[in-house]
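> One structure, pasted below without further comment.
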């Protein structure tokens, strides 16, 4: 379905309102397979809302989102599309009553129809990949924030999704744990996973992004390659934002 | 006759004990069946109330409100004495179980609803993001967590159901209370009633303690 001239994620005329307030104004965005897109912007600019619209955790009033050609709409097909879109949340949202291993294995077991043994094997492999092989049988409450977020990344990967969405994955972490999570994300980016990342980590954006998108007041103000974006922004609002965070 | 002979007459109690024990068995049977039916139907009612199609949601809400409002004794009398007029003749056991389950279902539904709604939104979102369907979301993610929250109030409700079995004596069910009042009439002495009261305490006090234990454990784990 995904031919070379169609993007993996297509967002067309997306508009989202909360009552009188417009959270997203007519967003149009294409994200190619293998692309790493970092979405920046001040809080309340609509960046989280935008990526939550991609897997329809957030409903919207107008427009269309397609993932690999499939329209993301309510109905029977939604769970199938969502299984192709991994999501990592700011607050981890691990299942607290399940071990790290079972958190990761749940999707493959229930959605991909794997046997318990296959699912556990895949989960163990992914936990090893994010450096948590030793912690597979611990409950989330026995893990640090950084470890929990790495489990959450493994859980998203376990579905072998076509794209991974990150909604401020390091914002709830103690500063000393941010690095370990960003390291995992960076190695994923290097391995060619398509990623859309909302973050405030500028250094990370600069190192890892193929494209930076800057949003303000529900609009995409500017986008470009990170070198240009950070060194020679075109828009006044982008300049003001970059100046503010460098002070 | 002194006070001891009147209320704590050992000979009378010994004579009444077989009747009381039979009554106790009936009471426990009534309680267990009603509790089980109330739990199962209450869970379904809670899911209907939260996630059912809109009209059914409204029906569930009305059901829950009505059966939490009506006095159990009134409902029991209606079931046992009024239903026969429309051709529905239930035994006193069936009438009592039906009444207790109908009411327990309403309370249980509210307890489960509160437990489910107490879960953070992120749990539902994480389940949705993986692509879990409704059934798996409930079975694997939501209900195991909600159950832990609702164990104390659920146990409380079970205690209430067990206590309310005593109402069965009104519809000629030979439960513990009924047996005690009959033994009292036969012996012309109230000691069997005291015996019944003690048996109720013996049955229910451990359960009441259990609720306290669950609550303490829950507080400790959520700290």
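Residue numbers (our numbering), protein chains in the order written: chain H, 1 to 247; chain Y, 1 to 223.
Glycine residues also receive a C-beta, built at the ideal position from the N, C-alpha and C atoms.
Being a predicted model, the structure only gives us computed values, none of them experimental.
(1) Run through the DSSP bridge pairs and tell me what residue 87 of chain H is partnered with.
(2) Could you give the DSSP three-state label for residue 151 of chain H: helix, strand or coil?
(3) How should residue 3 of chain H be labelled, buried or exposed, when 16 other C-beta atoms within 10 angstroms of its C-beta is the threshold for buried?
(4) Is it buried or exposed, residue 20 of chain H, if we count other Cβ atoms within 10 angstroms and call 16 or more buried?
(5) Along chain H, in chain order, which residues have C-beta atoms closer than 7 Å to that of residue 38 of chain Y?
(6) I need the DSSP call for residue 223 of chain H, collapsed to helix, strand or coil.
(7) Suppose you measure from the CA of residue 84 of chain Y to the CA of residue 112 of chain Y; what does that come to, to the nearest Å?
(8) Give the interface partners of residue 82 of chain H over in chain Y, defined as CB-CB distance under 8 Å, in chain order.
(9) Can you list the residues of chain H that residue 141 of chain Y reaches, using a CB-CB cut of under 7 Å?
(10) Run the CB neighbour count on residue 139 of chain Y, radius 10 Å, all protein chains shown included, and call it buried at 16 or more, exposed below.
(11) Below 9 Å on C-beta distance, what does residue 89 of chain H contact in chain Y?
(12) Answer yes or no: does any C-beta atom of chain H fall closer than 7 Å to that of residue 144 of chain Y?
(13) Which residue spans inside the region 71-128 of chain H form an unbroken beta strand (DSSP E) run of at least 3?
(14) With DSSP as the reference, label residue 69 of chain H as helix, strand or coil.
(15) Taking residue 249 of chain H as the query, report the chain Y residues whose CB atoms sit under 7 Å from its CB, ordered along the chain.
(16) For residue 63 of chain Y, does the three-state DSSP call read helix, strand or coil?
(17) CB-CB under 6 Å to residue 70 of chain H, same chain, minus the five flanking residues each way: which ones, in chain order?
(18) What separation, rounded to the nearest whole angstrom, lies between the Cα atoms of residue 35 of chain Y and residue 41 of chain Y?
(19) On the DSSP letters alone, give me the boundaries of the beta strand (DSSP E) that residue 215 of chain H sits inside.
(20) Decide if the region 198-213 of chain Y is in contact with the region 156-169 of chain Y; the criterion is three or more beta carbon pairs, one per stretch, under 8 Å apart.
(21) Please confirm whether residue 150 of chain H and residue 132 of chain H have their CB atoms less than 7 Å apart.
(22) What residues in its chain sit with their C-beta under 7 Å from that of residue 164 of chain Y, if we drop five residues either side in the sequence?
(23) Determine the DSSP secondary structure at residue 61 of chain H, reduced to helix, strand or coil.
(24) Going by other Cβ atoms of all chains shown within 10 Å of its Cβ, with 16 needed for buried, is residue 268 of chain Y buried or exposed?
(25) Would you say residue 100 of chain H faces chain Y, with C-beta separation under 7 Å as the test?
(26) Which residues in the same chain have their Cβ closer than 8 Å to the Cβ of residue 30 of chain Y, if we skip the five residues on either side of it in sequence?
(27) Should the region 182-199 of chain Y be regarded as contacting the region 115-122 of chain Y, the criterion being three or more beta carbon pairs within less than 8 Å?
(28) How is residue 8 of chain Y classed by DSSP in three states: helix, strand or coil?
(29) Just the Cα atoms here: how many angstroms apart are residue 78 of chain Y and residue 26 of chain Y?
(30) Have a look at the DSSP bridge pairing and note the partners of residue 194 of chain H.
So, to answer that:
(1) DSSP lists H:165 as partners of residue 87 of chain H.
(2) Note: residue 151 of chain H maps to helix in three-state DSSP.
(3) Confidence at residue 3 of chain H is low in this model, with a pLDDT of 47, below 50, so the placement of that residue should be treated as unreliable; the coordinate-derived value is given next. Its Cβ having fewer than 16 others within 10 Å, residue 3 of chain H is exposed.
(4) Counting Cβ neighbours within 10 Å, residue 20 of chain H comes out exposed, since fewer than 16 surround it.
(5) None at all; the shortest Cβ gap to chain H is about 25 Å.
(6) For residue 223 of chain H, the three-state secondary structure derived from DSSP is strand.
(7) Near 34 Å, if we compare the C-alpha coordinates of residue 112 of chain Y and residue 84 of chain Y.
(8) Chain Y residues near residue 82 of chain H: 128, 129, 130, 131.
(9) Those are 95, listed as they occur along chain H.
(10) Exposed: under 16 other Cβ atoms inside 10 Å.
(11) For a Cβ distance threshold of 9 Å, residue set 122, 125, 126, 129 of chain Y lies close to residue 89 of chain H, ordered along the chain.
(12) Answer yes: the Cβ-Cβ gap between residue 144 of chain Y and chain H drops below 7 Å somewhere.
(13) Correct list: 85-88.
(14) It is coil, neither helix nor strand.
(15) In this structure chain H extends from 1 to 247, so residue 249 of chain H is not present and cannot be described.
(16) Helix at residue 63 of chain Y.
(17) Only 81 meet the Cβ criterion.
(18) Cα to Cα, residue 35 of chain Y sits roughly 10 Å from residue 41 of chain Y.
(19) That run of the beta strand (DSSP E) goes 211-216.
(20) Taking 8 Å as the limit for Cβ pairs, the verdict is that the region 156-169 of chain Y does touch the region 198-213 of chain Y.
(21) Residue 150 of chain H is a Cβ neighbour of residue 132 of chain H, given a cutoff of 7 Å.
(22) Excluding five sequence positions before and after residue 164 of chain Y, the CB atoms of its chain that fall closer than 7 Å to its own CB belong to 72, 100, given in chain order.
(23) For residue 61 of chain H, the secondary structure class from DSSP, reduced to helix, strand or coil, is coil.
(24) In the structure displayed, chain Y extends from 1 to 223; residue 268 of chain Y sits before or after that span and is not available.
(25) No, no contact with chain Y.
(26) So the qualifying residues of the chain are 93, 96, 97, 100, 165, 168, 173, 175.
(27) These segments do not touch.
(28) Coil.
(29) Their Cα atoms are separated by approximately 22 Å.
(30) In DSSP, residue 194 of chain H forms a bridge with H:163.
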